[in-house]
Amino acid sequence: MNALHLLKSPLQSPAPIEKTTKPRAVRARLMAFVVDGQTEAALKACLPNLSFPNATITRGGIVRAIQHLGTERTPECIIVDISGADMPASQMHDLAELCEPGVIVIAIGDLNDVGLYRDLVKAGVSEYIVKPVTSQLLAKALSPKPTAPEGSPISRKLGKVVAVVGARGGVGTTTLATNLAWFLADRQNRRILLLDLDLQNGDCALALDLRPTPGLREALANPLRIDSVFLERVAAVHSERLFVLSAEESLRVDAEFGAEAVETLIGVLRTQFHYIIADVPRIPTAPYRQALDIADIRVIVADQTLRSVRDTVRLYDVFGEGDAAHRNLLVVNRSGEGGRQAVTLEEMAKVKLQPKVVIPFRPKLFAATGLARRGAFTEAIAALAAEISGRIPEQNPWWRFAK
């Protein structure tokens, strides 16, 4: 029998594996953001008859919806009033960026315009209802239906996978992955899953002061059991928006798992989170190659040693040039540590290595485990997060993007 199966399954544990300081945020079924009292009264009359007795109805329309979702968790369904909006399609794109995967968005408005309808569908809206709102129209909009071919509904949106891999050991891969996950969750208000694929020596949970659970091992050993309910139970909670899947298996155990298990796990996670930040060991085996192959963005972390530069070139040979679906980002960490013996950025450019972000060597920031919440390193993480999410920070700190 595989040694992984000898360990007790979390499915057999009646109590939570990890006691968290904060309870999980309860996800609302439906929220509506309306502009006028007539629409508010109509929704209050209709929604209880459609099995939404506790729906939250708020004034403010799409502007208020964007503000709310910037700080709170996305409900399962959103009704948003675009009446009077100057640029409804553009604002709907902004709303879509904030929505978690799987959310149904229904727009209501006072314009009966075919062009507007098509723009909204392209922005990801599932249905557009022209006022006045009735129970019949709402019931039709809320019922499951085939997706229109010209649209890309928000309800079918999948989270992005960001795989972080080191060119060699000791370059700060886990530190960067952990801080990137925290930044996206805390500063950009995204729902993040930090996945540590090193089942025996991973440090992501340690960096966040969390206890690893057997959940990741169980998921990879039994991929047929993976679903959103299982993952919700076994993920450790750092905050309302940051969750961690990690393990700390015995060094006596062969913690083996297949590439199919990794694909299944990440596939389910993509339906639950804005971003999956995966800390991938630099081991050339099928499961880790699969994680890197399916990643939307591959962040290669290197330093300026000759060995690191050599191994970075080798990784680029494996990944290829990258494209719109699979981008490669190079981060040079601990810049300045090697002194005169370090390979310069100009010398790296000669072998076609162009870093997107350069992080200076700041050993005092990491004298103890934990997150770097301010300073030069955090500003560099902000640069990387902006490159990944497209959300540029408001201020202009010292860091720069490489040209």
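The sequence shown begins at 209 in my numbering and counts up one residue at a time. Yeah, the Cβ is synthetic: ideal placement off N, Cα and C, and Gly gets one too.
Listed in chain order, the alpha helix (DSSP H) runs fully inside the stretch 516 to 581 are 553 to 558, counting runs of at least 4 residues. Non-local beta-carbon contacts of leucine 277 in its own chain, meaning distances under 6 Å to residues more than five positions away in sequence, involve Leu306 in chain order.
According to the DSSP secondary-structure assignment, isoleucine 485 is paired through a beta bridge with Val370, Leu402. The closest CA to that of alanine 503, considering only Ser436, Ile474, Ala584, is found on Ile474. Rounded to the nearest whole angstrom, the CA to CA distance from serine 298 to aspartate 327 is 9 Å. The stretch 334 to 350 and the stretch 461 to 476 do not touch, with fewer than three beta-carbon pairs separated by less than 8 Å. Between the C-alpha atoms of lysine 368 and alanine 385 there is a straight-line separation of about 14 Å. Annotated three-state conformation of threonine 472 is helix, per DSSP. If you compare the alpha carbons of Arg449, Ser458, Ile491 with that of valine 373, the shortest gap goes to Ile491. According to the DSSP assignment, leucine 450 belongs to no alpha helix (DSSP H) but to the beta strand (DSSP E) extending over 450 to 453.
Rounded to the nearest whole angstrom, the C-alpha separation of alanine 429 and leucine 401 is 19 Å. The stretch 415 to 433 makes no contact with the stretch 540 to 555; the number of CB pairs closer than 8 Å stays below 3. Contact check for leucine 537 and glutamate 595: beta-carbon distance about 6 Å, within the 8 Å limit, so the pair qualifies.
Counting C-beta pairs closer than 8 Å gives three or more between the stretch 237 to 251 and the stretch 279 to 287, which meets the contact rule. Contact check for isoleucine 274 against aspartate 302 passes: the beta carbons are separated by less than 7 Å. Out of Gly332, Asp519, Val311, Tyr336, the CA that lies nearest to the CA of valine 322 is found in Tyr336.
Within the same chain, Pro420, Val452, Ser454 come within 6 Å of alanine 413 by CB-CB distance, once the 5 residues on both sides are set aside. Within the stretch 321 to 350, the runs of beta strand (DSSP E) at least 3 residues long that lie entirely inside it are, in chain order, 335 to 338. Listed in chain order, the alpha helix (DSSP H) runs fully inside the stretch 250 to 327 are 269 to 277, 296 to 306, counting runs of at least 4 residues. When the beta-carbon positions are compared, isoleucine 567 and valine 370 stay at least 7 Å from each other. Taking 8 Å as the upper bound for CB-CB distance, serine 343 and asparagine 257 are in contact here, some 6 Å apart.
Beta-bridge pairing by DSSP links arginine 506 to Ala371, Asn536. If you ignore the 5 residues before and after methionine 556, its C-beta comes within less than 7 Å of the C-beta of Val517, all in its own chain and listed in chain order. In terms of Cβ geometry, methionine 300 and alanine 331 form a close pair [threshold 7 Å].
In this structure, leucine 388 and isoleucine 600 do not form a Cβ contact; the two beta carbons are roughly 16 Å apart against a cut-off of 8 Å. Straight through space, the alpha carbons of phenylalanine 391 and isoleucine 312 are spaced by roughly 27 Å. Here valine 565 is near leucine 592, since their CB atoms are less than 7 Å apart. Pairing leucine 459 with glutamine 408 gives a Cβ-Cβ distance under 7 Å. Annotation: arginine 267 to glycine 317 spans about 14 Å, alpha carbon to alpha carbon. Counting only the Cα atoms, serine 291 lies some 52 Å from alanine 494. For the pair proline 489 and threonine 479, the Cα-to-Cα distance works out to about 24 Å. DSSP places alanine 415 in the helix class (H, G or I) of the three-state scheme. Judged by DSSP in its simplified three-state form, phenylalanine 241 adopts strand.
Residue nearest to lysine 252 within the set Leu346, Val526, Thr472, Gly583 is Leu346 (criterion: CA-CA distance). In this structure, DSSP gives alanine 443 a state outside helix and strand, which the three-state scheme calls coil.
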